[in-house]
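Asks:
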Amino acid sequence: MKSDFEHWLAAQFAETGPFTLFILLVRITPSNAVPLKSSYAHLIGDEMTWPEMRGLLDSARTPWDGVAFFVGLGHEGGPLPDPVAARRLKDVEADVKADPLTLNRGLFFDREGRHLRIDEAAG
């Protein structure tokens, strides 16, 4: 059975073709989602399984509870050039630090590859 991540990846690739993927590892607490580490990758296919992705994420050697993915595309489609991707990654990090609800603008998954959503805490 495919994970939510695998379904999303196949649908995203079918829609856009190759793309840049911004990746934010997140620690989830009862009242917050805290960004831990980030990176980006250029995806040129949809063959990656959740166990393969999780293995790559775990290689960051940072305990994480969730991961957020954001898609980046060049002006004419396809992956972003590396300098542009590096700058955009900093923007994504800043947006999530300023407002964790920004995670909902991307795709947010738990360690099992299941789709998550961040809700505003009742105050």
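Everything in the sequence shown is counted per my numbering, starting at 2 for the first residue and increasing by one.
Glycine included, C-beta positions come from ideal geometry on N, C-alpha and C.
Note that the structure is a prediction, hence the values are computed from the model and not measured.
(1) Could you say which of Phe23, Leu10, Lys3 and Ala69 lies nearest to Ala87 if we only look at CA atoms?
(2) Can you look up His43 in the DSSP assignment and give me helix, strand or coil?
(3) Taking all protein chains shown into account, decide if Pro31 is buried (16 or more other Cβ within 10 angstroms of its Cβ) or exposed.
(4) Within 8 Å, do at least three Cβ pairs link the region 78-96 to the region 8-16?
(5) Nearest by alpha-carbon distance to Lys3: which of Gly114, Ala61, Val35 and Phe20 is it?
(6) Among the residues of its own chain, which have a CB less than 7 Å from the CB of Thr50, if the five just before and after it don't count?
(7) Near Arg118, which residues of its chain fall below 7 Å by C-beta distance, leaving aside the five closest residues on each side in sequence?
(8) Using the C-alpha atoms, what's the distance from His43 back to Leu58?
(9) Apart from the five residues on each side of it in sequence, which residues of its chain come closer than 6 Å, Cβ to Cβ, to Asp120?
(10) Would you mind stating whether Leu37 and Trp65 have Cβ atoms separated by less than 8 Å?
(11) When we look at the beta-carbon of Ser60 and count the other beta-carbons within 10 Å, is it buried (16 or more) or exposed?
(12) Can you check which of these residues, Ala69, Phe20, Lys91 and Gly78, is closest to Asp126 by C-alpha distance?
Replies: In short, the structure shows the following:
(1) Phe23
(2) strand
(3) exposed
(4) no
(5) Gly114
(6) Glu7
(7) Asn105 and Phe109
(8) 15 Å
(9) none
(10) yes
(11) exposed
(12) Not covered by the structure: residue 126. The range shown for the chain is 2 to 124.
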